[in-house]
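Input: a single structure, listed below in structure tokens.
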Amino acid sequence: MGKSWKDTRGRLFDSHYKPKRTLEQNLEQRSEGIPREHWKWFIEYRNDPATKAKCKQNALNRKKQLYTHTGGSKSLARAREEESQLQGRTVGRGEVWILNHKRSDGNYIHEEARRIGEKIFEIEQLDESTRILSENDSLAQALGKEHPGRVRGMGHGPTPSQLFRLSLQPLVDRAQVEETQRMLCELQAKVTTEKLKRKAMEDELAAEKNKRQEIESVLSYLVKQQCGELPPDIAARMNSLDRHGGT
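For what it's worth, my numbering labels the leading residue of the sequence shown as 1, then goes sequentially.
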């Protein structure tokens with residue numbers, strides 16, 4: 001979800017912002033449905049030197065990534081879920097890693113990927129239980145210790161401490177563990193969605209408030225021009241706004 005939102009923001013900026021335009025021109029060229037103030041803030045954020053430095057560093061980090069895969073924008077977590085549905089069984093992280101590091105002709109994308117893939121395959125051949133998600137499954141043995149903030153092949157939701165403490169249960173409970181893990185990922189996605197909805201509602205309320213304040217400023221000016229007395233139709237509109245603001 002987070003990556004999707006990030007990609008959407010990037011596409012909006014690239015398609016609607018042009019450096020050669022003035023700020024006013026870029027504001028006028030914003031995508032339909034985006035409030036002017038929001039677009040202005042986003043332009044200023046993207047053009048901030050600190051943001052540019054961070055983007056540059058992120059690009060350098062991506063170039064250094066050794067274990068790139070052939071799944072495109074599809075995460076390993078999503079690929080794992082789709083492959084499990086296709087095969088009618090739970091597919092392990094090691095199996096998905098191998099699938100996503102081979103080209104369409106069946107060859108690995110580079111020599112290091114081939115070395116890791118063959119190691120995963122060898123581990124699973126020696127011990128089939130390493131196909132099951134755990135701190136010591138085939139992928140963990142091949143790639144080493146997990147990053148403290150995420151679990152390889154499981155997306156950006158659960159952390160190792162959240163996920164692997166469930167794997168300490170006996171093997172007979174593995175099916176239940178897998179289901180719990182899936183529910184945990186779904187819950188994380190729902191929480192993210194609700195946060196986005198709440199943010200959108202807050203932004204809408206703020207926009208309505210700003211609009212009302214602008215109208216009241218205009219009306220205040222008109223009152224001064226009319227020596228303190230409003231025309232009947234404008235006075236009625238003013239009263240309507242006051243009643244609406246109090247509800």
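Note that the Cβ used here is the ideal one computed from N, Cα and C, for glycine as well. Since the structure is predicted, the reported quantities are computational estimates derived from the model, not experimental observations.
Assuming ARG80 and VAL91 are in contact, meaning their beta carbons sit under 8 Å apart, how far apart are those beta carbons, in whole angstroms? Within the sequence shown, residue 80 is the residue found at index 80, counting from 1. Within the sequence shown, residue 91 is the residue found at index 91, counting from 1. Cβ-Cβ separation between ARG80 and VAL91: approximately 6 Å, consistent with a contact (criterion under 8 Å).
Who are the Cβ neighbours of LEU27 in its own chain at under 7 Å, not counting the five residues just before and after it? For the purposes of this step, residue 27 is taken as residue 27 along the sequence shown, with counting starting at 1. Excluding sequence neighbours, LEU27 sits near ARG36, TRP39 and LYS40.
Rounded to the nearest angstrom, what separates SER129 and GLY94 at their Cα positions? Here residue 129 refers to the residue found at position 129 of the sequence shown. Here residue 94 refers to the residue found at position 94 of the sequence shown. When rounded, the distance between both Cα atoms is 12 Å.
For ASN210, which residues of its own chain have a beta-carbon under 8 Å away from its beta-carbon, when the five flanking residues on both sides are left out? The count along the sequence shown starts at 1 and reaches residue 210 at position 210. Within the same chain, ASN210 has close Cβ partners GLU37.
Please classify HIS110 as buried or exposed, where buried requires at least 16 neighbouring CB atoms within 10 angstroms. In the sequence shown, counting from the first residue as 1, residue 110 sits at position 110. When all chains shown are included, HIS110 counts as exposed.
TYR45 - partner residues in DSSP beta bridges: Reading the sequence shown from its first residue, position 45 is the one you call residue 45. TYR45 is bridged by DSSP to nothing; it lacks a bridge partner.
With distance defined between alpha-carbon atoms, name the residue in VAL177, LEU99, ASP105 and ASN107 nearest to LEU139. The residue given as residue 139 occupies position 139 in the sequence shown. Closest option to LEU139, Cα to Cα, is LEU99.
Distance between beta carbons of GLU124 and ARG131, contact taken as under 8 Å: Stepping through the sequence shown from its first residue, residue 131 is reached at position 131. Stepping through the sequence shown from its first residue, residue 124 is reached at position 124. Correct: roughly 5 Å between the Cβ atoms.
Identify whether LYS102 lies in helix, strand or coil by the three-state DSSP scheme. Translated into positions along the sequence shown, residue 102 becomes position 102. Correct three-state label for LYS102: strand.
Please list, in chain order, all residues of the same chain as MET1 whose beta carbon is under 6 Å from its beta carbon, the five residues on each side excluded. Numbered from 1 along the sequence shown, position 1 holds the residue referred to as residue 1. Residue placement at MET1 is flagged as unreliable, the pLDDT there being 47, under the threshold of 50; a coordinate-derived value is accordingly withheld.
Can you tell me whether ILE270 is buried or exposed, with buried defined as 16 or more other CB within 10 angstroms of its CB? Only positions 1 to 247 of the chain appear in this structure, which leaves residue 270 out of reach.
Closest Cα partner of THR22 within the set ASP137, ARG11 and ILE43: Working through the sequence shown from its first residue, we reach residue 22 at position 22. The residue with the shortest Cα to Cα distance from THR22 is ILE43.
For TYR108, which beta-bridge partners are listed by DSSP? Here residue 108 is taken as the residue at index 108 of the sequence shown, counted from 1. Per the DSSP secondary-structure output, TYR108 pairs in a beta bridge with LYS102.
Starting from the C-beta of TYR17, find all residues in its chain whose C-beta is less than 7 Å away, skip the five residues before and the five after it, and write them out in chain order. Residue 17 sits at position 17 when you count from the first residue of the sequence shown. Within the same chain, TYR17 has close Cβ partners ASN26 and ILE43.
Report all residues from its chain with a CB closer than 6 Å to the CB of PHE13; omit the five preceding and five following residues, and keep chain order. Along the sequence shown, one-based indexing puts residue 13 at 13. Around PHE13: ARG46.
Classification of ASP137 by the beta-carbon crowding that lies within 10 angstroms, buried from 16 upward: Within the sequence shown, residue 137 is the residue found at index 137, counting from 1. Burial state of ASP137 is buried, judged by a 10 Å Cβ sphere holding 16 or more other Cβ atoms.
Secondary structure of ILE120, DSSP reduced to three states: Indexing the sequence shown from 1 puts residue 120 at position 120. Residue state, collapsed to three classes: helix.
Run the CB neighbour count on SER220, radius 10 Å, all protein chains shown included, and call it buried at 16 or more, exposed below. On the sequence shown, position 220 is the one that residue 220 refers to. Exposed is the call here.
ILE120 to GLN141 span [Cα, whole Å]: Residue 120 sits at position 120 when you count from the first residue of the sequence shown. Residue 141 sits at position 141 when you count from the first residue of the sequence shown. Just so you know, the alpha carbons of ILE120 and GLN141 end up roughly 8 Å apart.
Within 10 Å of its beta-carbon, does VAL96 have 16 or more other beta-carbons around it, so buried, or fewer, so exposed? Within the sequence shown, numbered from 1, the residue matching residue 96 stands at position 96. Label assigned to VAL96: buried.
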